[in-house]
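Structure first, commentary second.
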Amino acid sequence: MLKQLLPASLERFQDQVEHEIRKRGDGHQSSYAWGLIRGSASKALVDALDVEFFGVLAQGWCKGLKLYEYTDASKHPPDTDEVLSLGKRKFPLTVHPVLSLAVAGRELLNLRFTLVLTAQLDSAACTIRNGCITRIAVGSCLVSAQLKYGEAALHEPSQSPSLPLPGSYDFDAPGFAIGVYRPAPAPQGLAEG
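Below is the structure:
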């Protein structure tokens, strides 16, 4: 889960967000709204990141790797599984969780954060079918993460231990379409980066 990559306490969270809100200079409305949620905002943000890392990673691969040729049915027959070995690869990915506050149906505050992730995969392989990534098999994986608001880092970069990942991770059919961002299967609370 993405939230497991964050430290237990986001020490600088409240002060940095408050500082950025003041810099915006959009009046007292944002400051008032922030005062309402200040104590519970970091928990709400961490809860929004309670999503599987591999789903986020697969969406990034669909856009970031040179997989587009796998969408050409003349080169890759429909309904046929093809395995693409990626070898050792370091893969950066940025997602933007958004924390919103609305009172009586009126939106008072939207806070857009940046979560910078880097996955270091050893012997990764994708199974591709009908132009979609349907499975990831990974020998081992190491993930680092840093949460930011504006330019301000909210914690020191954190890193998972190296995890041996035997077997594979299957995605719900039809999988993640290569070269296309489909918001429907995206984890809730995350926006494209």
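Counting from 0, one number per residue, gives the positions in the sequence shown under numbering that gives the first Met the number 0. Ideal placement from N, C-alpha and C gives every residue a C-beta, glycine not left out.
Taken through DSSP and simplified to helix, strand or coil, GLU81 comes out as strand. The C-beta separation of LEU141 from GLN119 comes to about 4 Å, placing the pair in contact by the 8 Å criterion.
In the pairwise beta carbon analysis, the segment 11-18 is classified as touching the segment 150-163: at least three pairs are separated by under 8 Å. Taking the Cα of SER157 as reference, the smallest distance to any Cα among TRP33, SER139, GLY138, LEU116 is reached at LEU116. The three-state secondary structure of SER41, taken from DSSP, is helix. For TYR168, the enclosing beta strand (DSSP E) has its first and last residue at 167-169. By the beta-carbon neighbour count (other beta carbons within 10 angstroms, threshold 16), ASN109 is exposed. LEU48 is the residue among ARG134, GLY34, LEU48 whose C-alpha sits nearest the C-alpha of PRO6. Secondary structure note for ILE177: it is in no beta strand (DSSP E), with a DSSP letter that is neither H nor E.
Less than 8 Å divides the Cβ of ALA124 from the Cβ of SER84. SER139 is a Cβ neighbour of SER161, given a cutoff of 8 Å.
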